[in-house]
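Report on the structure given below.
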Amino acid sequence: MASQLLPLELVDKCVGSRIWVVMKGEKEFSGTLVGFDDYVNMVLEDVTEYESNGEQVKLKKILLNGNNICMLIPGGDGPSGATAVS
Amino acid sequence: MASQLLPLELVDKCVGSRIWVVMKGEKEFSGTLVGFDDYVNMVLEDVTEYESNGEQVKLKKILLNGNNICMLIPGGDGPSGATAVS
Amino acid sequence: MASQLLPLELVDKCVGSRIWVVMKGEKEFSGTLVGFDDYVNMVLEDVTEYESNGEQVKLKKILLNGNNICMLIPGGDGPSGATAVS
Amino acid sequence: MASQLLPLELVDKCVGSRIWVVMKGEKEFSGTLVGFDDYVNMVLEDVTEYESNGEQVKLKKILLNGNNICMLIPGGDGPSGATAVS
Amino acid sequence: MASQLLPLELVDKCVGSRIWVVMKGEKEFSGTLVGFDDYVNMVLEDVTEYESNGEQVKLKKILLNGNNICMLIPGGDGPSGATAVS
Amino acid sequence: MASQLLPLELVDKCVGSRIWVVMKGEKEFSGTLVGFDDYVNMVLEDVTEYESNGEQVKLKKILLNGNNICMLIPGGDGPSGATAVS
Amino acid sequence: MASQLLPLELVDKCVGSRIWVVMKGEKEFSGTLVGFDDYVNMVLEDVTEYESNGEQVKLKKILLNGNNICMLIPGGDGPSGATAVS
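Residue numbers (my numbering), protein chains in the order written: chain P, 882 to 967; chain S, 882 to 967; chain W, 882 to 967; chain D, 882 to 967; chain E, 882 to 967; chain B, 882 to 967; chain X, 882 to 967.
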């Protein structure tokens, strides 16, 4: 087996850093990861929530249900920080 | 591993305080957290329920099914207490 | 940890009393709680079922699947008993 | 804890009697309960199936998947046997 | 407890006989049950698949995922074999 | 209990042969089964994917999530190989 | 039992190589697999995300929730790399 970066190792390395989280529904969040557990429930600080209609909401601290998370992007700063190439 | 704030620690710190809960569907609740369990089922008191059509309903005490919870915001006081920045 | 009211304690205290149950779909029920189990499956008596179209149906005794329950409100007497404030 | 009627006790008491079952989708069934297991999978006899379009279908014996059951009503005889009061 | 016909006993008795299976979506199947397991995954032979648009497809042997099964009807021969009474 | 063909036995017998797989959504696949596990995750080779709009895509090797599989048909060669009889 | 390529063996062989991942919703990703766990949560690097509207987004590293994955294609390079034959 090649040397791997395990999923929970990646999450652990993100503690203290900005991440971008895409939920199963239409919500997305960027924030500083301050903690997580084995179910990948996550605590974020200094959060921006991105609604599907383009609205943004600032939140100081949130807890996200790991079941509802689709994708985590380390260092991400929300939809505006990604590079569209199409 | 950096020092963390674990998800259940955050929930535990919220006992006795106001929180804002966003469910998987369109319902949102603000209330005082009076208890929770390992499935993050939660008991809230002095609750305001926010419907998707803008209506609000006052409820004295409720139990929420943890499976249906998408996000918890400590100190939150419902949609009106957030800062829209878009 | 602050003194808590655990979710199953709240359900247990409701045995013998009227409760209001909101299901994941559009159904709501008020009735007297006569029993429950660890999955929060619940037996209700003297039940009124509230359909989304405003219709009400009287039922003597029902068993509700705990997986499908979104919210329990102690002492509730259905949508008509809540205080709309918006 | 008050004296309770546990959910599985209620189901057990219904063996040999008519029950009414509401599934998560739009189907409803009335029939004689002839058996069940811990997942509340149920065997019914002399069944009437009620479709959402008002059609009824007679079935001699069926097995229902407990995961898909939303509500059980003892002694029920389908939508026509309930009392609408709105 | 009254003498029961347990769900898995019913399925076991159906081995070698025609059954009718209704899936959670819109598909229905009739066929000869040739095997099943504890998750009620089922192997059927000489199968007719009934689509929601009225089309029928003949299949020699299939395996159905038990999670997706809503209802099993012993001796059933598809929608055409039921008695509509409404 | 009659002599049975257990579901996992059927899958095992299909290793090395063409199968047709119908997913819970609208996708269907035909391919040679090269492996599976207890969750019925499956590896297929020389795959044709059938989209709901009639398009076909050739894929050399794929892994399918067993949770998402609705039906497996041994020897099947996709929608075109079935016999419509309605 | 014929010699098999087990699903997790296939995933393990893909570590260090390009893969194409189709999620349960409409998202698809191509990237280099750098790690996975028993739930088939996966870490990808040098990722292109393909939206259903044809847009592409470049992402350096992502973690995908295994529950949400429908299909993995080794060596795949996204929708443009497949051969449409219909």
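Every residue gets a Cβ at the ideal spot worked out from N, C-alpha and C, and that includes glycine.
- Sequence-distant Cβ neighbours of E/V903 in its own chain, meaning closer than 7 Å and more than five residues away, are E909, C951 and M952.
- Taking the Cβ atoms as the reference, B/T913 lies roughly 5 Å from B/E926, within the contact range of under 8 Å.
- Annotation: the continuous alpha helix (DSSP H) that includes D/L891 extends over P888 to C895.
- Take P/D893, set aside five residues on each side of it, and no residue of its chain has a beta-carbon closer than 6 Å to its own.
- When 8 Å is used as the limit between beta carbons, E/V915 is near these residues of chain B: Q885 and L886, in chain order.
- Secondary structure note for D/D927: its beta strand (DSSP E) is the uninterrupted segment M923 to Y931.
- W/I954 places its beta carbon 8 Å or farther from that of D/I954.
- A Cβ-Cβ distance of about 37 Å is found for the pair P/V896 and S/Q937, leaving them out of contact under the 8 Å criterion.
- Chain-ordered listing is empty here: chain B has no CB closer than 8 Å to the CB of E/M952, the nearest sitting near 15 Å.
- DSSP, reduced to helix, strand and coil, places E/G906 outside both helices and strands of the structure shown, so it counts as coil.
- Residues are counted here when their Cβ sits less than 7 Å from a Cβ of chain E; for the stretch 924 to 951 of chain B these are I950 and C951, given in chain order.
- X/V921 sits close to X/G947, with the two beta carbons spaced by under 8 Å.
- Secondary structure note for X/Q937: its beta strand (DSSP E) is the uninterrupted segment Q937 to L945.
- Each residue's CA atom was taken as its position, placing S/R899 and W/E907 some 28 Å apart.
- Rounded to the nearest whole angstrom, the C-alpha separation of S/L887 and P/D919 is 10 Å.
- For the 8 Å CB-CB criterion, S/V928 and S/G916 do not form a contact.
- Here X/N949 really is in contact with X/K905; their C-beta atoms are around 5 Å apart, less than 8 Å.
- Short of 7 Å from the beta carbon of W/L940, and not among the five residues preceding or following it, lie these beta carbons of its own chain, in chain order: V928 and E930.
- Excluding residues up to 5 positions away in sequence, M923 lie with their Cβ nearer than 6 Å to the Cβ of E/L945 in the same chain.
- Our two residues, B/L891 and E/L891, have alpha carbons roughly 22 Å apart in a direct line.
- Our two residues, W/S911 and E/W901, have alpha carbons roughly 37 Å apart in a direct line.
- Note: P/S911 is bridge-paired with P/W901 and P/T929 in the DSSP secondary-structure output.
- Contact of X/K908 with chain B is not assigned, every C-beta pair being separated by 8 Å or more.
- When C-beta distances to chain B are compared with 8 Å, the residues of the stretch 889 to 902 of chain X below that value are L889, E890, L891 and V892, in chain order.
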